[in-house]
Amino acid sequence: MADYQIRHCERKLEGGIYTETYKALSTAEPCSFVNTPTRLTFPIHFSGGGPGESIVSIGDQVAKRTPIIRCHSGIIHVASRAGIVVDITDHAMTHPSGERSSCIVIEPDGSDTQESLNPLSWPFDANTLRDRAIEAGVLGLSGASFPSLKRWIDGTTTLIINGAECEPYITADDTLMQIDTHSMIRGAYLLSQALDIKTIVIGIENNKPEALTAIEGVLKQYHSNCFFDIVLLDPKYPSGSERQLVWLTLGIEIPTGSRSVETGVIVHNPGTLIDLSRAIDGKSITDRLVTLTGQALARPRNVIAPIGTPITDLIEAAGTDPELLDSITVGGPMMGFAITDFAAGITKTTNCLLARSVELQPESPCIRCGACATVCPVRLQPQLMLFALKGGALNHAIHEGLTDCVECAACDTVCPSHIPLAEWFRLGWFQTKEISAKRLRSSEARERFETRNLRLKRIAAEQDLKRLTRKAKSSEALEKARKAREAAS
Amino acid sequence: MTDGIVSIGAAVIGLSAIGLIGGLLLQYASKAFKVNGNPLVDPIDALLPQTQCGQCGHPGCKPYAEAIAYGEAINLCPPGGQATVDRIANLLGVDSLALDADKNIIEQDLVALIIEDECIGCTKCIQACPVDAIVGATKLMHTVIMDDCTGCDLCVDPCPVDCIDMVPRPKVSNFWTPQHPNMISSDRFERIEMKHG
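Those protein sequences? They're chains V and Y, same order as listed.
Residue 489, in the working numbering, is where the first sequence stops; the numbers in between run on with no holes.
Residue 1197, in the working numbering, is where the second sequence stops; the numbers in between run on with no holes.
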């Protein structure tokens, strides 16, 4: 039996909101598999892990788990089902930009051929584990799809399992924690062993009793030399946000501009750890659990679908005609984004498809009530940042703390004037990033320009020197010849 | 009488000593804290877009920055656009000018693309590129390193077989802009009106 304790969280989240959760909607029916769709699409640059390139060509026969995309960051994405690569073309994708980009299109042939990697056997170190995770395409599944592996560094003291699924409607992580508890604990334990971590904290909200029972059941039979510290959290949004979770469970406040790993903490979602556990067994990531929910769906539930499955197929699996919907939210109602082209395939980070009809209210002017400031979990002044951004003063907004905003949209929810504050902050954040990227590019260009000028100067000087020495030699020889001629005559 | 001479002498010697020390200090300072070149050049250069395109009539951004520091017009940089002109005006404390109307303004972020099938490997574009963004060797195919290309189009004219095109910079996952909230709001209005109408 593993050493564990269950305790209530003694800290309170600053700001934040209690929302109607609607979680029971998708848990009424048990989790099930969907039929293999007729087409699977894989965006080459947007599958997570940054831009990449296709390593298959049109007409290739691929097996399940054949590598098809290699990202420049090294992450490899695999085909989720065996089939034929029918096209590599611009295609709709599940991405907040709503743009089309080149995707690999695979038509599954229904066969069961598959490839796999060699299973890793204990003992292995952090580097081996990281290489394996990269090879198997394990990503941080928190939505940002930041290659989570960069965080695995020595000196880490605590691993937090983020079981705080605070977004309303979504039950994907909750379900994963119930149906695949053992893989999750195993992934967390092996990662802890590789990084020499002694404490594993499980942050879980107290509205998930089934998941808690499942975890306890596994821990009672699990042999480990780690200490499992289960922290029961208040179901307040956004306690599942990384910084907030670290503060709630450990009391550590992460300073502005640094990441949790710098304070010796790594945070992973249950899904990431389950994927990691599979990767250790040699199985690259092919499927994911998606919550299909919302009042507009006839049969909301959780499904396990191959990555690349078109959203249309999933809406049909939930018993609704896709024609009836004009848009669907990917992710939760708070931080998700809308998709209108349902041909887009799901990616590794698609945790929820939400279809509901909301009566959106028109925006009114800000009345300076300050409600947004009281719910901000980062203790910012959203109204001041909004004024700055609306006035085009990006620097001022950054001064007010724009880069610390977690885009949780708690301010949107409470705003009596229905101002889409989080949208503004997201835009401002992207502008900030774009400007700094442009600055970086121009300073690199300046450096190359100056290096080139120095090189051209050096080459010219070298050639001058060569010519001068040659000329000196030749005039010397000429002089000698003249003298010899004079002596002869 | 002697008192008077002594005090005058003390004053003369004292003042000369102060003068000497002051002079030596000034001499030292003029050597130790000498400013090479015009101190305005680097801040101006930092504002220029570093395309090194030469459209301002100077062989690169640094030379243009030097020229501005010595009185050249500040509105000659088309890739920087009006925003850059305004920033330079702000830095120098002068009135902003409209961007020189004769210069064709590049609205889009472009990069050079070599049609690799048509390239004959003459290396002329490699010599023209101010930022070493083209790789290749004599009689072998050349190609542009997209990430390093500044879109200056100096390589287009020297190509003898006209195989270089200027194309929009390819979008990668780091470069996309979310929808403007105003657009979203107007979209909201439309949907509501549709519901009522």
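Just so you know, even glycine gets a beta-carbon here, dropped at the ideal spot from N, CA and C.
In the same chain as Y:G1057, and ignoring 5 residues on each side of it, no C-beta atom comes closer than 6 Å to its own.
Put simply, the CB of Y:L1020 is far from chain V, with every gap to its CB atoms at 9 Å or more.
For the pair of segments examined, the stretch 293 to 300 of chain V was found not to touch the stretch 121 to 134 of chain V: the number of CB pairs separated by less than 8 Å stays below three. Contacts with chain V at 9 Å (Cβ-Cβ) include Y:H1180. Between Y:P1039 and V:F449, the C-beta gap is not smaller than 9 Å, which leaves the two residues out of contact. For V:G428, the enclosing alpha helix (DSSP H) covers residues L421 to A488.
Taking 9 Å as the threshold, the shortest C-beta distance from Y:V1041 to chain V does not fall below it. DSSP places Y:Q1082 inside the alpha helix (DSSP H), whose first and last residues are G1081 to L1092. Closest in C-alpha terms to V:E316, from the list V:G332, V:T158, V:A343 and V:M335, comes V:A343.
Contacts with chain Y at 9 Å (Cβ-Cβ) do not include V:A92.
The beta carbon of V:N395 does not come within 9 Å of any beta carbon belonging to chain Y, so the residue lies off that interface. The Cβ neighbour count for V:Q361, taken over all protein chains shown within 10 Å, is under 16; the residue is labelled exposed.
DSSP places V:M184 in the uninterrupted alpha helix (DSSP H) bounded by T181 to L195. Under DSSP, the beta-bridge partners assigned to V:T329 are V:A338 and V:L354. In the DSSP assignment, V:L289 falls within the unbroken beta strand (DSSP E) covering D287 to T293. If you check each beta-carbon in the stretch 1027 to 1051 of chain Y against every beta-carbon of chain V, the ones closer than 9 Å belong to D1045, A1046, L1048, P1049, Q1050 and T1051. Scanning Y:D1086, Y:D1157, Y:L1091 and Y:I1126 for the CA closest to the CA of Y:A1098 turns up Y:D1086. At a cut-off of 9 Å between beta carbons, V:N225 makes no contact with chain Y. Here the stretch 1056 to 1073 of chain Y makes no contact with the stretch 454 to 464 of chain V; the two share fewer than three CB pairs at distances below 8 Å.
At a beta-carbon threshold of 9 Å, the residues of chain V lying near Y:P1130 are A445, R448, F449, R452 and N453, ordered along the chain. Near chain V, meaning a CB-to-CB distance below 8 Å, the residues of the stretch 1058 to 1089 of chain Y are G1060, C1061 and K1062. Under DSSP, the beta-bridge partners assigned to V:Q114 are V:K64. The DSSP-derived three-state label of V:E253 is coil. The Cβ atoms of V:V231 and V:I204 lie closer than 9 Å to each other.
Residues of chain Y with a Cβ closer than 7 Å to the Cβ of V:S442 are, in chain order, P1049 and Q1050. V:C31 has its alpha-carbon roughly 44 Å from the corresponding atom of V:I398. The beta carbon of Y:T1123 does not come within 9 Å of any beta carbon belonging to chain V, so the residue lies off that interface.
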